[in-house]
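Letter 290 of the sequence shown, counting from 1, is numbered 1362 in our numbering, and no numbers are missing.
Note that the Cβ used here is the ideal one computed from N, Cα and C, for glycine as well.
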Amino acid sequence: MEINRRPKSLNFADAAEPCLRHMTLNYDADHDYVPYVGVTLGEKKPHFVHHRLDWSEVLPYAIYGEICARDLCGSQEGLEIEKKQRELFLRQISPLDFLIHSSSSPWSQSYKMCLWEQSRALHALLYWYMEEQDERLVHIMKKMVDTLFHMSHQFGNQRMFAPEVIRDIGMGAIALGEIIDPLLKFDELFGDENARTLGVGLAYYCTDLSTGFFDENGDVVGNQLYRSGISILSGVLRAARLTQDASLFARGKQIHDRLSSYVTRYGSTPCTEPACSNMELIYSAIHLAETVDASYYEQIDRYVRNQTKEAQFLTKSEWHRELAHEGRITGEEFRWVFGNYSDTLDTLPYDYYGDDVLDKSEGGFLWTDFSEHRFVPASLMLCCSGHAMRSFHLVAEKMIHPTIQGFDVNFHYSFENEYAELISYEPFEGKFVVIPKKCTQKIRVRIPEYWEKTKLQIFSEGAEILFKIEGNYVVIQNAEAGQEIQFKYPLESYITEENVYRNINSIPCFQFKVRVEWKGNTVIRLLDHCSENPKMIYKHVSNDYIYGGKPLKVSGHINW
C-alpha cells in the first residue's frame, strides 16, 4: 500500500517523538542535568518545578521513558542529555549497598531510603540493560536485589520488611508491592533465586487480608493511595503465573477488577493521573488477557486509545494567559509540591521560569480528569510521560505474537515488524489490513467486541476469502508473502453512559455520569459536562483520513 494512502489512525511513533523531545529538554544544566519533577502550567508564569524527588525517583522515569520513546519513534534527538542523566543516575546508586539514595540539594534535604524508589531504579536498570546489554548493569542489579533480600525476612510463604522501612515509603505502605514486578523480571532474565523469593513472598504478603492493604472485596483499605494500590497488580499476577498458584491469581484478578471498576471504559481514573494509573492497570490486564480472558485486550486498547493518548499536552496554544492563575497556586492539596516554601513567594527560587517553558512542555503528559487537562502545580509530570511511553511500548510489544505455525495479531494499530505489516483505518472506517512478510501457515487475528462476527468479511485481491473462527480469533490459513488481507466490518457510532469517580480522602467516590460517543474503541466526543475551555480533551478527532507517516516499528529486544 502506498504510504500516502495510509489513514490517520493512532500512531504511537507520532506521540513518542514530541514526548521524547520534551523529556530530553527537561533538565537543569546548572545542577548536574538532574530533571525537574514536572511543569506547572496553571500560573501566569509557567515553570519547571524542582522537588526533593528529582535525584532518586524522577531520574529513573527519564531513563526508561526515553528508552521506550526512542524505540517507538526512532529519533536520535537528545542523546547527549540522555547520556548525562544516565551517568548521574549511576552516581546516585551507592557503591556500598547498591540502592539509590536521595541527594541534598539547594531545594531539598536528603531523606531515608525509599523502597518505591528502589523499584523505579530497578525498572530503569532493566530497560537500560534490554536496550544495550551492558553487563555492568547486571552486576549493579544483582547487588541491589541481594541487599533488598537480606533486608527482608521470611514468614511462611510471605516475605516482608521491617515496619520502619515500610513507613518510609513515600507513596505509602501499600506501595511496597510495586517492586514485585521488576524483581520477577530480573529473575526472568537472569534466573535469580533471591529476586524470585523476595518477589513472590511480597506478592503473598501484599494481598493477604491480614496485612491490611486490600479488603475481602479487593478494595484499598483505609486512606491509602489508590494510585499505590494498583501499582502492585502486575507484579502479583506475574508472581501467580510464575508459581501457577490459582488462588493468588484469583486474588490479583479480584483486586484488578475492583480497582478498574472505578475507571471509565475510556480510561478516566479517580486519581486523575491516567498516564500513570492506566499504565499500572494495562500491565496487570496483559497477564489476564494472556491467561484467562482475551477480552482484557479490550480494556487495554480502550485505555491506550483514549485517556492515555488524550493526556498528552500537544500544543502550547492550549495555554491561555487570561485563564491562568495570578501568582502561585497554593494550598494544602499542593503542599507536596512546594514543601516549606512560603505561600507569599511570587516565584520559587530554583524553578525554571524561562520564556521557552511552554515550548519545552509540548509533548509531555499531564494529569487529566474525565474531560480536561489539569493545570495544577507540577501536573505535567515526568512520571506521566515515562509511563505513557511504557503503555504504548507494551502494546507494540504484544501487537504481533509469533506462534509455531505463524503469528497472532492481538491489537489493531498501524504497525510493522519482521512478521507483518498492519494497517488500521479506525475510527474512520471499519477496515483492518494484515500483510504477512513471508508465507505463513496460520494467521490469527483477535476479534474485538465491536466487530460483528456475522457481518465480518475478509478480502484479498478483490475476492472474498473463507475463514474460520477459533474463540476470539479469526483464522487465515496459508497466506502468501506480501498478500494484502483486508478485514471489513461495520463501524457505526454508539453511545455509552460512564460513571465518573473522584478520590475524596483517598476513597474513590461516585460523582456523576457522562455520555460518551464512540466508534469502535475510540471515543469521538463527550456528550455531557463539556465546555469551551481550551484544556478540554477529545477535541482533536478529525475526519482527515490521510497522512503521510510510516507505520510504527520497534527494535524487538525491549520486552517487559
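Please state the DSSP three-state secondary structure of residue i.
i, result
"residue 1231", "strand"
"residue 1581", "strand"
"residue 1251", "helix"
"residue 1351", "helix"
"residue 1293", "coil"
"residue 1474", "strand"
"residue 1310", "helix"
"residue 1495", "strand"
"residue 1183", "coil"
"residue 1565", "strand"
"residue 1243", "coil"
"residue 1238", "helix"
"residue 1416", "coil"
"residue 1379", "helix"
"residue 1073", "With a pLDDT of only 43 at residue 1073, under 50, the local geometry of the prediction cannot be trusted, and the value read off the model is given with reservation. Three-state DSSP puts residue 1073 in coil, outside helix and strand."
Could you tell me the alpha carbon to alpha carbon distance between residue i and residue j, rounded to whole angstroms?
i, j, result
"residue 1324", "residue 1281", "12 Å"
"residue 1255", "residue 1391", "41 Å"
"residue 1450", "residue 1552", "52 Å"
"residue 1161", "residue 1132", "7 Å"
"residue 1130", "residue 1424", "17 Å"
"residue 1606", "residue 1444", "8 Å"
"residue 1276", "residue 1454", "31 Å"
"residue 1388", "residue 1452", "13 Å"
"residue 1514", "residue 1468", "21 Å"
"residue 1300", "residue 1457", "18 Å"
"residue 1073", "residue 1428", "Any reading at residue 1073 needs caution, since the residue's pLDDT is 43, under 50, leaving its predicted position unreliable; the model's value is listed next. Whole-angstrom Cα-Cα distance: 40 Å."
"residue 1593", "residue 1481", "16 Å"
"residue 1110", "residue 1120", "6 Å"
"residue 1157", "residue 1139", "12 Å"
"residue 1222", "residue 1232", "11 Å"
"residue 1033", "residue 1164", "Past the boundaries of the shown model lies residue 1033; the chain is included only from 1073 to 1632, so the question cannot be answered."
"residue 1584", "residue 1413", "36 Å"
"residue 1340", "residue 1382", "10 Å"
"residue 1570", "residue 1422", "42 Å"
"residue 1403", "residue 1409", "10 Å"
"residue 1527", "residue 1520", "13 Å"
"residue 1192", "residue 1251", "8 Å"
Taking all protein chains shown into account, decide if residue i is buried (16 or more other Cβ within 10 angstroms of its Cβ) or exposed.
i, result
"residue 1338", "buried"
"residue 1364", "exposed"
"residue 1562", "exposed"
"residue 1432", "buried"
"residue 1628", "exposed"
"residue 1265", "exposed"
"residue 1426", "exposed"
"residue 1581", "exposed"
"residue 1279", "buried"
"residue 1566", "exposed"
"residue 1126", "buried"
"residue 1089", "buried"
"residue 1516", "buried"
"residue 1319", "exposed"
"residue 1476", "exposed"
"residue 1092", "buried"
"residue 1633", "The chain is shown from 1073 up to 1632; residue 1633 falls before or after that span and cannot be answered."
"residue 1112", "buried"
"residue 1395", "exposed"
"residue 1098", "buried"
"residue 1118", "buried"
"residue 1259", "buried"
Counting along the chain, where does the alpha helix (DSSP H) carrying residue i start and finish?
i, result
"residue 1154", "1151-1164"
"residue 1194", "1187-1204"
"residue 1468", "1454-1470"
"residue 1300", "1298-1302"
"residue 1272", "1265-1279"
"residue 1214", "1207-1223"
"residue 1318", "1318-1332"
"residue 1598", "Per DSSP, residue 1598 belongs to no alpha helix (DSSP H); it is in the beta strand (DSSP E), 1594-1598."
"residue 1370", "1368-1375"
"residue 1407", "1407-1410"
"residue 1527", "No alpha helix (DSSP H) holds residue 1527; DSSP gives it neither H nor E."
"residue 1432", "1429-1433"
Where does the unbroken beta strand (DSSP E) through residue i begin, and where does it stop?
i, result
"residue 1657", "Summary: the structure shown does not reach residue 1657, with the chain confined to residues 1073 through 1632, and so no result is reported for it."
"residue 1135", "Unbroken run through residue 1135 is the alpha helix (DSSP H), 1130-1145; no beta strand (DSSP E)."
"residue 1517", "1512-1518"
"residue 1545", "1545-1551"
"residue 1540", "1540-1542"
"residue 1560", "1557-1560"
Does any residue of chain C have a CB that is nearer than 8 Å to the CB of residue i?
i, result
"residue 1557", "Structure shown: chain C not included; a single protein chain is present."
### Whole alpha helix (DSSP H) elements within the stretch 1097-1125, 4-residue minimum
Runs found: none.
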